[in-house]
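J.: Attaching a single structure in structure tokens format; questions to follow.
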Amino acid sequence: MGIINVTYNWRVVSDGHQTIDCADEYHVGVNGVVTIEEHQAMGSGDRWFYNIVFDNGNELKIFNPNTVLTTP
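Given below as structure tokens:
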């Protein structure tokens with residue numbers, strides 16, 4: 317399964333600064349998005365999240381996805 321699109325309503329950027337967004341969306345192959353990685357919670361207090369990786373090395377961690385589009 318590959319993830320090709322994530323929509324969300326808040327995010328945390330790679331420096332740890334939280335920002336509020338409404339109905340933002342990232343799609344692999346658009347605006348420098350190289351890949352979207354799913355990370356499952358690993359223990360008590362951990363959160364399930366999606367990591368958006370860009371071609372310039374920047375990353376976004378999405379903790380509150382609204383929708384996730386996958387391929388089989």
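First residue of the sequence shown? That's 317 in the working numbering, and the numbers climb one at a time after it. Even for Gly, the Cβ is constructed at its ideal location relative to N, Cα and C. Here the structure is a predicted model, which means the values were calculated and not measured.
1. Suppose contacts are defined by Cβ-Cβ distances below 7 Å. Is residue 355 in contact with residue 370 by that definition?
2. Where does the unbroken beta strand (DSSP E) through residue 381 begin, and where does it stop?
3. Might you give, ordered along the chain, the residues of its own chain that have their beta carbon closer than 6 Å to the beta carbon of residue 379, omitting 5 neighbours on each side?
4. Beta-carbon within less than 6 Å of residue 383's beta-carbon, same chain only, minus the 5 sequence neighbours each way: which residues are those?
5. List in chain order: all unbroken beta strand (DSSP E) runs of 3+ residues lying wholly within the segment 336–380.
T.: Answer, in terms of the structure:
1. Numbered from its first residue, the sequence shown carries residue 355 at position 39. Numbered from its first residue, the sequence shown carries residue 370 at position 54. Cβ distance not < 7 Å, so residue 355 and residue 370 don't count as in contact.
2. As a working mapping, residue 381 is identified with position 65 in the sequence shown. Unbroken beta strand (DSSP E) run through residue 381: 381–387.
3. Along the sequence shown, one-based indexing puts residue 379 at 63. 363, 365.
4. If you number the sequence shown from 1, residue 383 lands on position 67. The answer, listed in chain order, is 323.
5. 349–355, 365–370, 375–378, all fully within the segment 336–380.
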